[in-house]
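Chemist: Below is the structure I would like to discuss, written out as C-alpha cells.
2 protein chains.
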Amino acid sequence: MLKGHQSWEFASRPVILSSAAVGGPFEAEGPLAEDFDLLHGDTLMKQKSWEQAEKVLLEEACDKALEKAGISKEHINFFLGGDLMNQIISSSFAARTLAAPYLGLFGACSTSMEGLALASLLVDKQSADYALAGTCSHNSSAEKQYRYPTEYGAQKPPTAQWTVTAGGAAVVGRNDGTRNRLHVTSATIGRVVDMGLTDPFNMGAAMAPAAFHTIEAHFRDRQLPYDTYDLVITGDLGRVGHSILCDLFQRHGINIPLDTYQDAGILIYGDNPGVWSGGSGCGCSAAVTYGHLLKKMRQGAWQKILVVATGALLSPLTFQQGESIPCIAHAVSIEA
Amino acid sequence: MLKGHQSWEFASRPVILSSAAVGGPFEAEGPLAEDFDLLHGDTLMKQKSWEQAEKVLLEEACDKALEKAGISKEHINFFLGGDLMNQIISSSFAARTLAAPYLGLFGACSTSMEGLALASLLVDKQSADYALAGTCSHNSSAEKQYRYPTEYGAQKPPTAQWTVTAGGAAVVGRNDGTRNRLHVTSATIGRVVDMGLTDPFNMGAAMAPAAFHTIEAHFRDRQLPYDTYDLVITGDLGRVGHSILCDLFQRHGINIPLDTYQDAGILIYGDNPGVWSGGSGCGCSAAVTYGHLLKKMRQGAWQKILVVATGALLSPLTFQQGESIPCIAHAVSIEA
Chain A
536 MLKGHQSWEF ASRPVILSSA AVGGPFEAEG PLAEDFDLLH GDTLMKQKSW
586 EQAEKVLLEE ACDKALEKAG ISKEHINFFL GGDLMNQIIS SSFAARTLAA
636 PYLGLFGACS TSMEGLALAS LLVDKQSADY ALAGTCSHNS SAEKQYRYPT
686 EYGAQKPPTA QWTVTAGGAA VVGRNDGTRN RLHVTSATIG RVVDMGLTDP
736 FNMGAAMAPA AFHTIEAHFR DRQLPYDTYD LVITGDLGRV GHSILCDLFQ
786 RHGINIPLDT YQDAGILIYG DNPGVWSGGS GCGCSAAVTY GHLLKKMRQG
836 AWQKILVVAT GALLSPLTFQ QGESIPCIAH AVSIEA
Chain B
536 MLKGHQSWEF ASRPVILSSA AVGGPFEAEG PLAEDFDLLH GDTLMKQKSW
586 EQAEKVLLEE ACDKALEKAG ISKEHINFFL GGDLMNQIIS SSFAARTLAA
636 PYLGLFGACS TSMEGLALAS LLVDKQSADY ALAGTCSHNS SAEKQYRYPT
686 EYGAQKPPTA QWTVTAGGAA VVGRNDGTRN RLHVTSATIG RVVDMGLTDP
736 FNMGAAMAPA AFHTIEAHFR DRQLPYDTYD LVITGDLGRV GHSILCDLFQ
786 RHGINIPLDT YQDAGILIYG DNPGVWSGGS GCGCSAAVTY GHLLKKMRQG
836 AWQKILVVAT GALLSPLTFQ QGESIPCIAH AVSIEA
C-alpha cells in the first residue's frame, strides 16, 4: 500500500450474494416502498420499546438476506454490524440472535459502508467464506436519544434531517465465477474531517466535506477518471449537503457528471416536505443501497456505482460541551 | 475458512513495532505503575471535562506509540479505535487529531483486541503497511455515563469492578525479518454469549462464559494443545469472573495450566480492596497488554501469550428495559 493511500481494491471481486431492506410505516409511504423486502405498519413492530423495534429491523434484514442467499446463519463466519444507539445495542443484541462471530462497528451513518468494506475485505482475503454486514436506525429511538422528547413538538429548521426507520443487510461471499452477479470491487476508508460546524440540525453541511475528501481520495488512489461510475451516491447528506457537495466538486475540479450524483437521504422520501432536508441514520444508506440500488443494478439500470456513506461522529454530550462535529465517509464500489 | 471457524492465522506474522500506555493518578499507585509511559497526577489532565481527559489518554497513547516506533502519523494507513463512551467520542475525536483513515469499533472492553486483531489482519493481508490500534477508558466519565453521580457515594457490591483510567495503543507493521520482535500470530473473533445474567454490578460473572467460548474456539480452530501459551490473560473479568472461568475450564476439560492463567483486571490494581473485584474498561486490557505484558515479553518473561479481551455489550437503557447482558470476547496471540 502506498503512503497516504486509503483504498482497498478487491482483486477477487467478492460477490453480494443477497441483500435485504426492512422499513417502517413512514418508509412504506415513500417512493422506494416497493424496494423493501418487508414493511411494518407501526413503529413498535410488536415490541415493547422503540429500541427493541430497531433491533427487530436489523434482525429481519439479516434473516431476509440469509434466506435470499439460501444459506443458514451457521454458515456466516462474521457479522459486521453497527447502529446509532449508545453502545450499539441494536447490533449487539441482533448479534446475540444470529450467534455468529461479531465485529461491532461505529461510524454513525457511515457504518453501513464501513461494514460492507470490511466484510468484502474479509472475503477477498479468504479470511471469511461468508460475511454478513448490516445496520439499522429507528426514528423514535434516535429522537429519544439525541433530541427532545417528541411530545414537546419541538420545531426543527429546514436543514434538519429525518432519521429513517429501517434496517439493511447484505451477505458477501466468494466469487466463484457465476455470471450476472454484483461484485464489490473496492473500498475507500475515510479520515475524520471537521470544518468547525457545531449545529446538530445541519448535519448535511457538516458531513459534505467528509464525503468530498473520501470521494477525492477514492478517485486519486485508484487513478480513475471522474466519469467512471454510472452513479455516485452519498448517504445521507440530504438536500443541503448534496448542494454543498456539488459546489465542492465544482470548486476543486472534481468533474463527476452532476447528473450521475444522487443522495440516499433525498431518494428515500422524495420531495416530502415533512422530512426537511431529507432522510438520515444508519438505516438510510443501508436500506437505499441494499433495497433500492442493488435491485436497480440487478435490473440493469447501472453497471458501476460508488456508495459513499457519511457519518457525523458527535454525541449529545460533545454538543453540550461546545465541540464541533467530526465527520467521516466510507466509500464502496459495486459493479455488475 | 472451515465452516464454523472463527480464527485467523497471520501467516506473515505482523510485528508490533511499538506500544504505549498512559494512565491516571489511581493507576500510578498500582503495582503496574512502572509499565506506563506516562502517568497523570490528576483525573482532568488539564482538560475541562472527564470526557476530554479520556480523549487525551488515547491521543497520548497513540503519540507515544508512534514516537517509539519512529514513524509519523502520516505513515499510518488506518487507525482502529473504540471506547465506552456513547458514540465512541473519545476515539472519533482522537481520530480527528490523528487525521488517519479511521475504522471506529465497539465491543465494550473487548474493543482493545478487536482493534489489534483487525489491525494485524490488515497488515498481514497487505491491506495496510502500518495500522494503529488503540482504546481508552476513564473512571469518572464511565461512572457518569453508566451509573449514579459519584457525589451520591452509592455503595457497590464486592462483585463490582473499577473502570480503569488509561489509554493504550500499538503500532502494527510488516514483518521484515528483523529479529527480537513481537509478532501477532493469530486472532479469534468471539460470538455473543448471554447466559441470562442481568446484574451490571457483576460483569465478571456475565463475561466469563464469553471468554470461555472464545478460548475454547481458539484452541479448537488452531488445533493447539492447551499448554501452548506461557500466559493466557483475560481482560477484564476481575476476581469473580476469573474464578468462574477457572471452574468452567475444569468442568469442560479445557486443561489450561491454571498457573498460566491471569486476568488484566486483577493485575492492574493488585489486591487493593477499593476496586472490589478488580479493574475494567477498554483502557484496562489495553494498558495492561500494551504497557505491562509486552514489556515483560520484551524482557523475556514469556514467549507466547494469548490476550482475551472481554466485553459486556449492555447499555444503561437495556438494563432499564430488563434485558440480560450480552457478552463477547476476542483473543489475539502474541509471540516473541
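Chains A and B, in that order, are what the protein sequence lines are. Using my numbering, read the first sequence as starting at 536 and increasing by one per residue. Using my numbering, read the second sequence as starting at 536 and increasing by one per residue. In this text, a Cβ means the ideal position worked out from N, Cα and C, and glycines have one as well.
Against chain B, with Cβ distances strictly below 8 Å, would Glu586/A count as a contact?
Modeler: True, the Cβ-Cβ gap to chain B drops below 8 Å.
Chemist: Do Ala600/B and Ala722/B have their beta-carbon atoms positioned less than 8 Å apart in this structure?
Modeler: No, the Cβ-Cβ distance between Ala722/B and Ala600/B is not below 8 Å.
Chemist: What residues from chain A crowd round Ala634/B, counting only those whose CB sits closer than 8 Å?
Modeler: Under the 8 Å cutoff, chain A gives Arg726 and Val727.
Chemist: With distances taken Cα to Cα, identify the nearest neighbour of Ile611/B among Asp734/B, Ala668/B and Leu593/B.
Modeler: For Ile611/B, the nearest C-alpha among the options comes from Ala668/B.
Chemist: Could you check whether Ser812/A and Pro693/A sit closer than 8 Å to each other, using their CB atoms as the reference points?
Modeler: Their beta carbons are under 8 Å apart, which means Pro693/A touches Ser812/A by this criterion.
Chemist: If we count Cβ pairs, one from each stretch, closer than 8 Å, do we get three or more for the region 658-672 of chain B versus the region 746-763 of chain B?
Modeler: The region 658-672 of chain B, when compared against the region 746-763 of chain B, does not touch it at the 8 Å Cβ threshold.
Chemist: Give every residue of the same chain whose Cβ lies closer than 6 Å to the Cβ of Met730/A, excluding the five residues on either side of it in the sequence, and list them in chain order.
Modeler: Result list for Met730/A: Pro744, in chain order.
Chemist: Leaving out five residues on either side along the sequence, give the residues of the same chain with a beta carbon under 7 Å from the beta carbon of Asp765/B.
Modeler: So the list reads Thr795, Trp837, Gln838, Lys839 and Ile840, once near-sequence residues are dropped.
Chemist: Report the neighbours of Met536/B on chain A: residues whose CB is nearer than 8 Å to its CB, in chain order.
Modeler: Chain A residues near Met536/B: Asn612, Gln661, Ser662, Ala663 and Asp664.
Chemist: Using a Cβ cut-off of 8 Å (strictly closer), state whether Arg631/B contacts chain A.
Modeler: At least one chain A Cβ lies under 8 Å of Arg631/B.
Chemist: With DSSP as the reference, please indicate the residues paired to Lys839/A in a beta bridge.
Modeler: Beta-bridge pairing links Lys839/A to Glu870/A.
Chemist: I'd like to check one pair, Leu573/B with Glu595/B: are the Cβ atoms closer than 8 Å?
Modeler: Taking 8 Å as the Cβ cut-off, Glu595/B and Leu573/B qualify as a contacting pair.
Chemist: In whole angstroms, give me the CA-to-CA distance for Gly846/A and Arg755/B.
Modeler: Their Cα atoms are separated by approximately 39 Å.
Chemist: Assign Arg774/A to buried or exposed, taking buried as 16 or more other Cβ atoms, counted over all protein chains shown, within 10 Å of its Cβ.
Modeler: Under this definition Arg774/A is a buried residue.
Chemist: Can you pull the chain B neighbours of Gly669/A, defined as C-beta to C-beta under 9 Å?
Modeler: Those do not exist, as Gly669/A stays about 14 Å from chain B at its closest Cβ, beyond 9 Å.
Chemist: Going by CA-CA distance only, name the one from Ala556/A, Lys538/A and Ser584/A that's closest to Ser676/A.
Modeler: Comparing Cα positions, the closest option is Ser584/A.
Chemist: I want to see whether chain A comes within less than 8 Å of Ser850/B, judged by CB atoms only; does it?
Modeler: Output row for Ser850/B: interface = yes.
Chemist: If you drop the 5 nearest sequence neighbours on each side, which residues of the same chain put their C-beta closer than 6 Å to that of Tyr804/B?
Modeler: Counting only Cβ-Cβ distances below 6 Å, and skipping sequence neighbours, we find Gly565, Val810 and Gly814.
Chemist: Going by DSSP, which residues form a beta bridge with His865/A?
Modeler: For His865/A, which the question treats as bridged, DSSP gives the partners Ala844/A.
Chemist: Could you spell out the range, first to last residue, of the beta strand (DSSP E) harbouring Ser721/B?
Modeler: Start and end: His718 to Thr723.
Chemist: Please check if any C-beta of chain B sits within less than 8 Å of the C-beta of Asn807/A.
Modeler: No, because no Cβ of chain B sits closer than 8 Å to the Cβ of Asn807/A.
Chemist: Determine the DSSP secondary structure at Phe571/A, reduced to helix, strand or coil.
Modeler: Residue state, collapsed to three classes: coil.
Chemist: Mind checking the region 810-838 of chain A against chain B and listing, in chain order, the residues whose C-beta falls within less than 7 Å of any C-beta there?
Modeler: So nothing in the stretch comes that close.
Chemist: Which residue spans inside the region 607-676 of chain B form an unbroken beta strand (DSSP E) run of at least 3?
Modeler: 613-618, 637-639 and 665-672, all fully within the region 607-676 of chain B.
Chemist: Might you give, ordered along the chain, the residues of its own chain that have their beta carbon closer than 6 Å to the beta carbon of Gly826/A, omitting 5 neighbours on each side?
Modeler: Excluding residues within five positions, the ones whose Cβ falls inside 6 Å are Ala556, Asp570 and Phe571.
Chemist: For a contact defined as C-beta to C-beta under 8 Å, what are the partners of Pro861/B on chain A?
Modeler: Those are Ser627, Phe628, Ala630 and Arg631, listed as they occur along chain A.
Chemist: Any Cβ of chain B within less than 8 Å of the Cβ of Ile606/A?
Modeler: Closer than 8 Å: no.
Chemist: Which residues in chain A have a C-beta closer than 7 Å to the C-beta of Trp543/B? List them in chain order.
Modeler: Under the 7 Å cutoff, chain A gives Ser662.
Chemist: The alpha helix (DSSP H) with Ala596/A in it runs from where to where?
Modeler: From DSSP, the alpha helix (DSSP H) with Ala596/A extends over Trp585 to Ala604.
Chemist: Output yes if chain B places a C-beta closer than 8 Å to the C-beta of Asn710/A; else output no.
Modeler: Not one chain B Cβ lies under 8 Å of Asn710/A.
Chemist: Can you check which of these residues, Ser647/B, Ala546/B and Thr578/B, is closest to Ala799/B by C-alpha distance?
Modeler: Ranking Ser647/B, Ala546/B and Thr578/B by Cα distance to Ala799/B puts Ser647/B first.
Chemist: Quick one: which unbroken beta strand (DSSP E) runs of 3-plus residues sit fully inside the region 762-810 of chain B? Chain order, please.
Modeler: Taking only runs of at least 3 residues, the beta strand (DSSP E) segments lying wholly in the region 762-810 of chain B are 766-770 and 796-798.
Chemist: Is any beta-carbon of chain A found at less than 8 Å from that of Thr700/B?
Modeler: Thr700/B does not count as touching chain A.
Chemist: Cys597/A and Ala629/A look like a contact to me (Cβ under 8 Å); what is the Cβ gap, rounded to whole Å?
Modeler: Their Cβ separation, rounded to whole angstroms, is 7 Å, which keeps Cys597/A and Ala629/A in contact under 8 Å.
Chemist: Are any of the Cβ atoms in chain B nearer than 8 Å to that of Ala643/A?
Modeler: So, interface residue.
Chemist: Using DSSP's beta-bridge definition, name the partner residues of Ile551/B.
Modeler: In DSSP, Ile551/B forms a bridge with Val707/B.
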